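Residue numbers in the sequence shown follow the numbering used here, run continuously in steps of one, and reach 172 at the last position. Quick notes on the structure that follows.
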Amino acid sequence: MRERRRKPFQRYFTVSEANALLPELRVKLLRLQAMLQRLREEYGEKELELLRLERSNGKHPEWGESSVAREIHKAVDELYKMGVYIKDIDQGIVDFPHLREGREVMLCWRLGEERVQYYHELDSGFRGRKPLWED
Numbered sequence: 038m039r040e041r042r043r044k045p046f047q048r049y050f051t052v053s054e055a056n057a058l059l060p061e062l063r064v065k066l067l068r069l070q071a072m073l074q075r076l077r078e079e080y081g082e083k084e085l086e087l088l089r090l091e092r093s094n095g096k097h098p099e100w101g102e103s104s105v106a107r108e109i110h111k112a113v114d115e116l117y118k119m120g121v122y123i124k125d126i127d128q129g130i131v132d133f134p135h136l137r138e139g140r141e142v143m144l145c146w147r148l149g150e151e152r153v154q155y156y157h158e159l160d161s162g163f164r165g166r167k168p169l170w171e172d
C-alpha cells in the first residue's frame, strides 16, 4: 500500500513574519466572526452543523445563494493564499507553517493573544500547543 503524502506548504513563516501579520489578521478575523454570525442568523445553528460535517468528510458544503457564505469563503481563501490556515473562526485560531529545528510544525495564535507564543506538531492541533520559548 502506498503512503499518502500531504501537499507541501506554500511557505514557512518565521515568528517575526507571523507576528507582523497579526494586526491584519485581527481585523480579518473579527470581520469573519461577524459574517459567520450573520450566516447563523440566515441558516440557523443546526444547519451550520450539518454543513460542517459535510466539509469535514471532504465535501464542500452547499450554501445555496448565500452572499454571506460566499464572502466567508472568499476571505478564508485570501488568507490561505497568504499561507495562513484558519483553524477556527469562532475562537479566532490561526496556524502558520514553520520550521522548528528542521521539523515542520505550526505556529499557533488565537485572537486575543498579544503575539505568537506557541507552536504544535502537525498532528496535534491546538490542544497540543507548546510554548516557543521555555522560561
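Ideal Cβ positions, reconstructed from N, Cα and C, are used throughout, including at glycine. The structure displayed is predicted, hence computed values, not measured ones.
Can you tell me which of the three DSSP states residue i falls into?
| i | result |
| --- | --- |
| residue 160 | coil |
| residue 114 | helix |
| residue 80 | helix |
| residue 166 | coil |
| residue 172 | Caution applies to residue 172, whose pLDDT of 46 falls short of 50 and renders its modelled position unreliable; the value that the coordinates give is listed next. It is coil, neither helix nor strand. |
Cutting at 6 Å between CB atoms, please list the residues of its own chain near residue i, excluding the five before and the five after it.
| i | result |
| --- | --- |
| residue 146 | 131, 153 |
| residue 129 | 66, 147, 148 |
| residue 55 | 133, 144, 153 |
| residue 47 | 120 |
Could you tell me if residue i is buried or exposed, where buried requires 16 or more neighbouring beta carbons within 10 angstroms of its beta carbon?
| i | result |
| --- | --- |
| residue 57 | exposed |
| residue 166 | buried |
Let's see if you can read the secondary structure: which residues bound the beta strand (DSSP E) around residue i?
| i | result |
| --- | --- |
| residue 181 | With the chain covering only 38 through 172, there is no way to say anything about residue 181. |
| residue 121 | Note, residue 121: premise wrong, no beta strand (DSSP E); not H, not E. |
| residue 131 | 130 to 137 |
With the cut-off set at 8 Å, would you say residue i and residue j are in Cβ contact?
| i | j | result |
| --- | --- | --- |
| residue 73 | residue 127 | yes |
| residue 120 | residue 50 | yes |
| residue 156 | residue 137 | yes |
Skipping 5 residues on each side, what residues in its chain have a beta carbon closer than 7 Å to that of residue i?
| i | result |
| --- | --- |
| residue 109 | 69, 72, 73, 76 |
| residue 34 | This structure cannot speak to residue 34, because the chain is shown only from 38 to 172. |
| residue 143 | 132, 133, 134, 135, 156, 157, 159 |
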